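Residue numbers (the numbering used here): 91 to 301.
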Amino acid sequence: MQKEPLHARLRSLYMSGRSRPLRLRPHRDAPQALQSLPAGAYQLEKPHGSLTFRVKHLGLSHYTARFADFDATLDFDPASPAASRVKAIINPLSVRTDNAADPGWDKRIGQDMMKGAEFPQIVFTSTAVETTGPSTGKVTGDLTLAGVTKPVTLDVTYNGAMASAALYTGRPAVGFSARGAFNRSEFGLTRYADFVGDEVEFIIEAEFTRH
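Below is the structure:
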């Protein structure tokens, strides 16, 4: 019996697959409308949050690092997002760069560039929230870094909400992305200015749940 050529068999399998309807099971935690959430105090879910920052290095690249120890609270009103308030606290000595060749590198960045030993907390407290679109907004607040407080504005994107997230044992959840920038010299941080840029850009990913 003559065997069917390989290309013919592959084509037959491809065509038989096309004839079958594709069935996708809906995700039981599909995002819902923002208004489905209850107002109240929301807490950052740390395993699903990240805070990274970057500075120019020698004008050649953007040196990127992250903070491993930070927390945030959100006083959230979905019916009036502009009335919401957020506060974040960061440990400046929790810098992580994954520079395995120099175990003390991360600690020196936190101590030398951020004065973390002298000022053990970086604090951001919002003062105003402005909606700029259906899923975008601006959050302005006071950033206290190395003992100096200056206003900073974050560009925020609303990612989605769940009135009852199975992952969080049925608690309401909401997610945001944010980014912003400031000049470290305004906070008296000028160490390594010869080869490290003044502007610090930061990127935030955060999921909050109501407790």
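The C-beta atom is built at its ideal place from N, Cα and C for all residues, glycine as well.
These numbers were taken from a predicted model, which means no experiment stands behind them.
Please say whether residue j and residue i have beta carbons closer to each other than 9 angstroms?
i: I294; j: L244; result: yes
i: S216; j: T247; result: no
i: G231; j: V242; result: yes
i: F166; j: G139; result: no
i: N181; j: A158; result: yes
Distance, Cα to Cα, residue i vs residue j?
i: V264; j: K136; result: 13 angstroms
i: S275; j: D202; result: 13 angstroms
i: T163; j: F298; result: 8 angstroms
i: L302; j: G206; result: Residue 302 lies beyond the stretch modelled for the chain, which goes from 91 to 301, so this question has no answer here.
i: R198; j: T154; result: 15 angstroms
Assuming residue i is part of the alpha helix (DSSP H), what are its boundary residues?
i: K197; result: 195-198
Residue range of the beta strand (DSSP E) that residue i falls in?
i: V246; result: 238-255
i: L183; result: Looking at the DSSP string, L183 is not in any beta strand (DSSP E), and its letter there is neither H nor E.
i: R261; result: 261-273
i: F157; result: 151-157
i: D232; result: 226-235
i: P214; result: Note that residue 214 corresponds to Phe in the displayed sequence, not to Pro. Looking at the DSSP string, the run of the beta strand (DSSP E) that includes F214 is 212-223.
Can you tell me whether residue i is helix, strand or coil according to DSSP?
i: D202; result: helix
i: R113; result: With a pLDDT of only 46 at R113, under 50, the local geometry of the prediction cannot be trusted, and no value is derived from it.
Quick one: what's residue i bridged to in DSSP?
i: Y132; result: L164, R300
Any C-beta of chain D sitting closer than 9 angstroms to the C-beta of residue i?
i: H301; result: Any reference to chain D falls outside this structure, which holds one protein chain only.
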